[in-house]
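The next block holds one structure in the form of structure tokens; read it before the comments.
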Amino acid sequence: METTPFDTALYTAVDTHLETTLAELAEMVAVPSVAAKPGSPMLLGAEVVAQLLTKRGLEARILPTAEGAPPVVYAEDRSAGVDAPTVLFYNHYDVQPAEPLELWDGDPWVLRRDGDFLFGRGVSDDKGHISCRLLALDAIKAANEGKLPFNVKVLVEGEEEVASVHLPDWIANHSALLNADVTIWEFGGVDETGRPEIICGLRGIAYFELHAQTIAYDAHSGVGGSVLPNAGWRLVWALNTLKTRGERILLPGHYDAVQPPSDADIELLADMPAEQEAFMRREFAPADFLWGATGVEYQRRAVFEPT
Numbered sequence: 000m001e002t003t004p005f006d007t008a009l010y011t012a013v014d015t016h017l018e019t020t021l022a023e024l025a026e027m028v029a030v031p032s033v034a035a036k037p038g039s040p041m042l043l044g045a046e047v048v049a050q051l052l053t054k055r056g057l058e059a060r061i062l063p064t065a066e067g068a069p070p071v072v073y074a075e076d077r078s079a080g081v082d083a084p085t086v087l088f089y090n091h092y093d094v095q096p097a098e099p100l101e102l103w104d105g106d107p108w109v110l111r112r113d114g115d116f117l118f119g120r121g122v123s124d125d126k127g128h129i130s131c132r133l134l135a136l137d138a139i140k141a142a143n144e145g146k147l148p149f150n151v152k153v154l155v156e157g158e159e160e161v162a163s164v165h166l167p168d169w170i171a172n173h174s175a176l177l178n179a180d181v182t183i184w185e186f187g188g189v190d191e192t193g194r195p196e197i198i199c200g201l202r203g204i205a206y207f208e209l210h211a212q213t214i215a216y217d218a219h220s221g222v223g224g225s226v227l228p229n230a231g232w233r234l235v236w237a238l239n240t241l242k243t244r245g246e247r248i249l250l251p252g253h254y255d256a257v258q259p260p261s262d263a264d265i266e267l268l269a270d271m272p273a274e275q276e277a278f279m280r281r282e283f284a285p286a287d288f289l290w291g292a293t294g295v296e297y298q299r300r301a302v303f304e305p306t
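Using numbering that gives the first Met the number 0, you'd call the opening residue of the sequence shown number 0 and step up by one each time.
Structure follows, in structure tokens:
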């Protein structure tokens, strides 16, 4: 592929702004914004992100979701004009807990560089992606006479790691803010070989909790093990009704909306690189994949099968 003058200017700008971007990433990593942990400084996490967006000329606002819940950061730059396309970025500033801390080589809330690798809670999910998008905006403006050729909207939530419990209602109440020509989700990067990846879709999540109580309080097995009903076994039997030994999920309606891959999809699967399958074998060391899947069949099940 031929490199254009714009490409050269873009890459130069990335190199120029990289250290500043890493310093900003360190600011975000330093905030232990764990949505699942009560008392976490979630508002501070939102404020740091809003400041970084404002620094780039976006009009940033911190908007509430529900009382006591982490807020949403919304920002926009419409300077490209009404005739220009609009890009909406989605990210999140909350992170998973850092425990167990003893498995870290350093403080998880302090960004650490080791060669080409960065370490710190949230670097890969999702504060590092926020930094990458900020760097992309910086580089595009630098290569384009200080202007963006498109309008930008940014939504950064604080509850992605707890299933975005308040985001649907927030979106319903603020849908007018989110009109865009394209939305770029939180992920993106390169695979093990350095090949850039663009993820065009993800499977959702469905879960439920089972609770069972059969007696007033825990009993010693020597006293009641043979005469009292055991809640643990009730749960085991319940779980046994959810899936067959052939890995078929038995929840009513689970497969109703699943669309089989088209012939074009199968052709694309055949062209997908095999590195992911090799990575899964190496990383998790299974005796084999389910159904002995490999090649195109592995790709089909990995991409199109509900889980």
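No residue lacks a Cβ here, since even glycine has one placed at the ideal position from N, Cα and C. All figures in this text were calculated on a predicted structure; none of them were measured in a lab.
Residue i, DSSP secondary structure in three states
i: His91; result: strand
i: Asp190; result: coil
i: Glu75; result: strand
i: Glu196; result: strand
i: Glu101; result: helix
i: Arg112; result: strand
i: Leu166; result: helix
i: Phe118; result: strand
i: Lys126; result: helix
i: Glu282; result: helix
i: Leu133; result: helix
i: Asn150; result: strand
i: Thr336; result: Because the chain spans 0 through 306 in this model, residue 336 falls outside it and cannot be assessed.
i: Glu296; result: helix
i: Thr3; result: coil
i: Glu158; result: coil
i: Val13; result: helix
Contact set for residue i: own chain, Cβ-Cβ below 7 angstroms, skip 5 residues either direction
i: Ala237; result: Leu209
i: Phe149; result: Ala79, Ala83, Pro84, Thr85 and Val86
Test item: CB-CB of residue i and residue j under 8 angstroms
i: Ala34; j: Met41; result: yes
i: Tyr92; j: Lys126; result: yes
i: Lys152; j: Ala175; result: no
i: Leu201; j: Ile214; result: no
i: Tyr297; j: Glu276; result: yes
i: Ile197; j: Trp184; result: no
i: Glu23; j: Leu51; result: yes
i: Ala142; j: Ala8; result: yes
i: Arg55; j: Leu136; result: yes
i: Leu110; j: Ala45; result: no
i: Val13; j: Leu134; result: yes
Nonlocal neighbours in the same chain, by C-beta distance under 8 angstroms from residue i, ignoring five residues either side
i: Trp108; result: Val28, Ala29, Val30, Pro31, Ala97, Gly119 and Arg120
i: Leu241; result: Ile248, Leu249 and Leu250
i: Leu100; result: Pro107
Close-in-space but distant-in-sequence residues of the same chain around residue i (CB under 6 angstroms, 5 per side omitted)
i: Ala292; result: Arg300
Q. What are the start and end residues of each continuous alpha helix (DSSP H) run of 4 or more residues lying completely inside the region 207 to 278, in chain order?
A. 220 to 223, 230 to 238 and 262 to 270
Q. Should the region 156 to 164 be called in touch with the region 65 to 83, which here means at least 3 C-beta pairs below 8 angstroms?
A. yes
(Q) Quick test of the definition: if touching needs 3 or more C-beta pairs under 8 angstroms, does the region 280 to 297 touch the region 247 to 257? (A) no
Q: Could you tell me whether the region 206 to 224 touches the region 176 to 188, where touching means 3 or more Cβ pairs closer than 8 angstroms?
A: no
Q) Would you call the region 295 to 305 and the region 264 to 275 in contact, with 3 or more CB pairs under 8 angstroms? A) yes
Q. If you pair each beta-carbon of the region 52 to 70 with each one of the region 166 to 174, do three or more pairs fall below 8 angstroms?
A. yes
**Q.** Uninterrupted beta strand (DSSP E) stretches inside the region 18 to 75 (no shorter than 3 residues)
**A.** 58 to 62
Q) Okay, do the region 10 to 22 and the region 37 to 53 touch, 3+ Cβ pairs below 8 angstroms being the bar? A) no
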